[in-house]
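Residue numbers (this note's numbering): 1 to 84.
Rendered as structure tokens:
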């Protein structure tokens, strides 16, 4: 699991998540593939920014659960997604 905060908050993180091509957007499928999610709009969608802060979640937080794909492919996918 790799977590990082995208500058620009919730909207910027959503754009980054949408740019992933190798990783599947999902909180957890119980499989072995690489998954990406934005907790502020998926797991904790019902919370506002103040409530997210209270539980330690930044609006721009992205979680990448690395699967069995080639390391170089996962890294390239992540770099492409965050570089816009």
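Ideal Cβ positions, reconstructed from N, Cα and C, are used throughout, including at glycine.
If you check the beta carbons only, do residue 1 and residue 66 fall under 9 Å apart?
In this structure, residue 66 lies closer than 9 Å to residue 1 by Cβ.
Would you say residue 62 and residue 16 are within 9 Å of each other, going by their C-beta atoms?
Residue 16 sits close to residue 62, with the two beta carbons spaced by under 9 Å.
Could you pull out every unbroken beta strand (DSSP E) segment of at least 3 residues lying fully inside the region 20–52, listed in chain order?
Entirely contained in the region 20–52, the beta strand (DSSP E) runs reaching 3 residues are, in chain order, 35–37.
How big is the Cα-Cα spacing for residue 106 and residue 4?
The requested residue 106 does not occur in the structure, where the chain is confined to residues 1 to 84.
Evaluate residue 87 with the Cβ neighbour count: other Cβ atoms within 10 Å of its Cβ, from every protein chain shown; 16 or more gives buried, anything less gives exposed.
What the structure shows of the chain is the stretch from 1 to 84, and residue 87 is not part of that stretch, so it cannot be assessed.
Endpoints, the beta strand (DSSP E) within which residue 5 is located
First-last of the beta strand (DSSP E) with residue 5: 2–5.
Give the range of the alpha helix (DSSP H) segment to which residue 82 is assigned.
For residue 82, the uninterrupted alpha helix (DSSP H) segment begins and ends at 71–83.
Helix, strand or coil: which one does DSSP assign to residue 17?
DSSP, reduced to helix, strand and coil, places residue 17 within a helical segment of the structure shown.
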